[in-house]
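Numbering (my numbering), first residue to last: 212 to 579. Take a look at the structure set out below.
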Amino acid sequence: MKRVLLSFVMALMCCTWAMGQNVNKIYMPQSIGDVRQEVVIPDVAGYKVLKCDFHIHTVFSDGDVWPTYRVTEAWKDGLDVISITDHIEYLPHKKYISGDFNTPYEIAKPTADKFGLMLVRGTEITRKQGVIGHFNALFIEDANLIPDDDPFVAIQNARKQDAFILFNHPGWAVDTCLVTEFQQRLFDADLIDGIEVVNHMEYYPRVVSWCIDKNLPMFANSDEHGIISEDYATVGYGTEGLDGRFVRFRPMTLVLAQEKSQEAVKEALLEGRTIAYTDNKFMSTEEYLVALFDACVEVQMSLQGDKKNTYICTNKSSFPFVFEVNGGGQKTLPPFSTITFSIPSRMAPVLTILNMWCYEDRHPVVRR
Ligand SMILES: [Zn+2]
Ligand SMILES: [Zn+2]
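Here it is, written out as structure tokens:
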């Protein structure tokens, strides 16, 4: 009997070794590190809504992290598209890097492919803020062909590669948002294709008006240099009526694209189909803001009365909305929730969406 028991124990041990287990080395369950937070937005006006960040940095300019980290961080945050846009002219870690401006893209690409995250080739042309400014060249082919002593020529070099040129953070490190002589020269030469209305922690209401007046798409980018989760609290202060109660995502440029491909994203940008998002606020044209609200929120009459009609609003998205009903009371509609409101039966619902801006001082109006 003893021998039988011994051979059973030995067999069990062999079996355990064969399965690769070792009682002296125990693996913890998979951590939440591999979990992606999904940001849910239904299709808008027949387009897919891609969540993008077209402005981030790595150790290859003045950022603190390696390019692959940017990819996994963005994937976990629910993004679909990023562009690593390291500075060409500002390289504090110069001593440790080769000086090939294409390197961050090349390091990040295999990880991006693994996660199905789209990586757009980009770089930041960087000169004195408030005089010349900073410009991201997106969808470039070779960052090494862009540098020039003359910033206008550097931007033209990017254009030769058919780059999309983004005017970065017009309000950063200056008192207010003003177009300088150099920037006006770029506008006149059609060398600016879009503008950041949001950069990192800053939102520039006046630039929303610029974009509408100039018919240019609005961008909201993180311009992250450190670690996203250290900079953006997921809940906290924010838009009036939405403060402290709801998840806030990192700044995102929502791109309304035919499909998830480089060509489709570039086409959408050139056609101006973007919505800037930060801190549960949205900025775009009234057309796209209304289309976004329509896609996310269903408004249906639930009870018809002699004096009042009651409506049910159902939110199918990850974002909260706050709106004024027919010029009266303010309603907050949390993500994935339903609320009701009543209005006199002689009226049709007219909702002014207070966490959306289609001009510096104007909200879009949704009529049902
Ligand atoms: Zn910059
Ligand atoms: Zn930057």
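Cβ atoms here follow ideal geometry from the backbone N, Cα and C, with glycine treated the same way.
List the whole-angstrom C-beta distance separating L562 from Q541, where the pair is believed to meet the contact cut-off of C-beta under 8 Å. With 8 Å as the limit, L562 and Q541 do not qualify as a contact, their Cβ atoms being about 11 Å apart.
Beta-carbon gap between H436 and D273 smaller than 8 Å: yes
Is the closest heavy atom of ligand 2 to the C-beta of H266 under 7 Å? yes
Could you check if N432 belongs to the surroundings of ligand 1, using beta carbon to heavy atom distance under 7 Å? no
Check whether the region 469–480 touches the region 502–515, taking contact to mean three or more Cβ pairs, one atom from each stretch, closer than 8 Å. no
Contact set for V409: own chain, Cβ-Cβ below 6 Å, skip 5 residues either direction: A431, P462, A487, T489
Which residues in the same chain have their Cβ closer than 7 Å to the Cβ of A256, if we skip the five residues on either side of it in sequence? L467, A502
Is there at least one non-hydrogen atom of ligand 1 closer than 7 Å to the beta-carbon of E335? yes
H436: CB within 7 Å of a non-hydrogen atom of ligand 1: no
Any idea what DSSP makes of L500, helix, strand or coil? helix
Do P555 and L544 have their beta-carbon atoms positioned less than 8 Å apart in this structure? no
Closest residue to T169 among F504, G538, V533, I550 (Cα-Cα distance): Because the chain is modelled from 212 through 579, residue 169 falls outside the range shown and cannot be assessed.
Can you tell me the Cα-Cα spacing of D275 and P560, whole angstroms? 50 Å
For the beta strand (DSSP E) holding S294, just list the boundary residues, first then last. 292–295
Give every residue of the same chain whose Cβ lies closer than 6 Å to the Cβ of H304, excluding the five residues on either side of it in the sequence, and list them in chain order. V270
Just mark A384 as buried or exposed, buried being the case when its beta carbon has 16 or more other beta carbons within 10 Å. exposed
CA-to-CA distance, D297 to L480, given in whole angstroms: 21 Å
Report the rounded CA-to-CA distance for R281 versus Y307, giving the unit in angstroms. 19 Å
For T563, does the three-state DSSP call read helix, strand or coil? strand
In three-state terms, what does DSSP make of E478? helix
L465 and C569 - do their beta-carbons sit closer together than 8 Å? no
Count the C-beta pairs between the region 287–294 and the region 327–340 that are closer than 8 Å, then say yes if the count reaches three, no if not. yes
Simplified DSSP state of P555, which is helix, strand or coil: strand
Proximity below 8 Å, CB of F312 to CB of F350: no
What residues are listed by DSSP as bridge partners for N526? V508
Please confirm whether any heavy atom of ligand 2 lies closer than 7 Å to the CB of N379. yes
On the three-pair Cβ rule with 8 Å, is the region 335–353 touching the region 416–425? no
Ligand 2 heavy atom lying under 7 Å from the CB of T283: no
For Y488, would you say it is in contact with chain C, using Cβ-to-Cβ distances shorter than 8 Å as the test? Absent from the structure is chain C; it holds one protein chain and no more.
Do F265 and N368 have their C-beta atoms within less than 8 Å of each other? no
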